[in-house]
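**Q** A single structure is presented below for examination.
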Amino acid sequence: MTGSVKTQRDEVVIALRGTYSSDDMAQMQGAIDAVCGELGIPRGAQRDVVARRVIAAYESGSRLPLNLVHAGLGAR
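Residue 8 is where the sequence shown starts when you use my numbering, and the numbers rise one by one after that.
Pasting the structure below:
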């Protein structure tokens, strides 16, 4: 898949730089949901920031679920 990530829950659209399978997309969405769910982040700007961090980590090759969650939390 190429293009963007758009979730039904938050209606955030983020452009992706690569080509990803549905499994890749599900892995990114799972990390975004885990971070936002744990921190109680509703849809909106904060969730968008988490999504961008997770996607950036995935695109840079950091694809283990714990690493994606770590990135979503903003840890560097």
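Where a beta carbon is used, it is the ideal one built from N, C-alpha and C, also for glycine.
#1: According to DSSP, is GLY51 part of a helix, a strand, or is it coil?
#2: On a CA-only basis, which of ARG24, GLY81 and SER29 is nearest VAL61? Give me that one, please.
#3: To the nearest angstrom, how far is it from the Cα of PRO49 to the Cα of TYR27?
#4: Report the residue from ASP55, ALA52, GLY51 and GLY79 whose alpha carbon sits nearest the alpha carbon of ALA64.
#5: Tell me which residue opens and which closes the alpha helix (DSSP H) that GLY44 is part of.
**A** Answer, in terms of the structure:
#1: Working through the sequence shown from its first residue, we reach residue 51 at position 44. Coil, per DSSP.
#2: For this step, residue 61 is matched to residue 54 along the sequence shown. Of the listed residues, the one whose Cα sits closest to VAL61 is GLY81.
#3: Along the sequence shown, one-based indexing puts residue 49 at 42. Along the sequence shown, one-based indexing puts residue 27 at 20. If I take the Cα positions, the gap works out to 26 Å.
#4: One-based indexing of the sequence shown puts residue 64 at position 57. ALA64 has its Cα closest to that of GLY79, out of ASP55, ALA52, GLY51 and GLY79.
#5: As a first step, residue 44 is located in the sequence shown; it is residue number 37 there, counting from the start. That run of the alpha helix (DSSP H) goes 29–46.
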